[in-house]
Every structure is written in C-alpha cells, then in structure tokens.
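These notes concern the structure reproduced below.
Below you can see the structure in the form of structure tokens.
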C-alpha cells in the first residue's frame, strides 16, 4: 500500500508524485497495457490497492508499472542483504617469525600461511628483532625471502619486505586460481612438447 514512509524512502516516484500527463503502463504481471492518462493509471492502482511506480522517468512518455511498492522494496532489500552475506570478507591474518625460528616451527607457520591463503585471506608476515638482533637484519630478510619462495605457488607479494620499527613486514595476497581452460592449454602444451621430444629421440 501507499504511504508517507514509502514515499520518503523510495528512489522512484510513485502515484501522484509522477509528473506527466500520460504514461506507458505495464501491468502487475509485466504485460503491456499501453499509453494511458496518468489519472487513469493512478485509479487502476487505487482499485487494485497497489502502487503506480515510475520505472523509466526519462522515457517519453514515462514508463510506469503497477506493483506493491512496499513489498518490492522489502524483497530488493532482502536480496541485497543476502548477497552481502555471501560475499566473503577478505581478512589479513598475521603470522609472526623470529630471526632464529627453527625448521619445525617454520613449517608449522608455513602451513598456517598456506591455509589462510587457500581460504582467500591475505597474510601479513612479520619478523621482530630483539636487542642486538637489529645488527643482523640480513638474517631476517633472508628468512622472509625463504617464506616468499616457499609460498610462490599460493601467493604473490602485495607489499615487499620493509622495516617498520624493530620488525620487517611483508604482505602476501592469494594467487587467483588458474582457469580450467588455461590449465588444459598448459597441459596440452606440455604433452605436445613431450611428444616432440619422443619423436626426436626415435629419429636418432
């Protein structure tokens, strides 16, 4: 039904707010009714207890449709809300290293990074120095380069390692998944190359 609240919240003009002597009218089921006087269209909406909604104001004459505008706005709002919920919020997960991180701890942290990246999250890799460790920053830089190389299959560097106070920070983004077509093309190329090598071997 029509009401002041709907008129204030709406984006389209409805009912008596429509400023045109005549409109091209579309029915409730989407059927084309044709060009009618605005008063006639509003009367049809009143009789059906629904709204006359201007959906194409720049057309000549404007295109209007008979519908329950309140219900329409509710459904559209619900669709937008559901779509928003489905959109994954990209998070930045942090994993901390030390210059003397041993291999066992390194592998655990590396697995965590892989899990974050596979889930579509960004990863912030930090390496903090303590005391005299600041004099050997090259060790920390080498470790982050090792992390970068070990994650080459899963990530690309968004922010290269840089000093921030007493720590080095690197940010990684998940790599986009290779399309099936690209994978097939790559597979075919490898197979063709392999076949060529076999043929050359047979010739020899």
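Residue numbers (my numbering): 1 to 204. Where a beta carbon is used, it is the ideal one built from N, C-alpha and C, also for glycine.
- A straight-line Cα-Cα distance of about 16 Å links residue 76 and residue 54.
- Rounded to the nearest angstrom, the gap between the Cα atoms of residue 154 and residue 103 is 20 Å.
- Contact fails between the stretch 78-87 and the stretch 121-133, because fewer than three Cβ pairs, one in each stretch, are under 8 Å apart.
- For residue 93, the CB contacts under 6 Å within the same chain, skipping 5 residues up- and downstream, are 116, 121, 123 in chain order.
- Residue 65 has its alpha-carbon roughly 14 Å from the corresponding atom of residue 39.
- For the options 163, 159, 20, the alpha carbon positioned closest to that of residue 58 is the one of 20.
- Considering only 22, 69, 152, 60, the residue with the shortest C-alpha distance to residue 110 is 152.
- For residue 167, the three-state secondary structure derived from DSSP is strand.
- Excluding the 5 residues flanking it on each side, residue 41 has same chain C-beta neighbours closer than 7 Å at 23, 25, 52, 64, in chain order.
- At a Cβ-Cβ threshold of 8 Å, residue 101 and residue 143 count as neighbours.
- In the DSSP assignment, no residue is bridged to residue 78.
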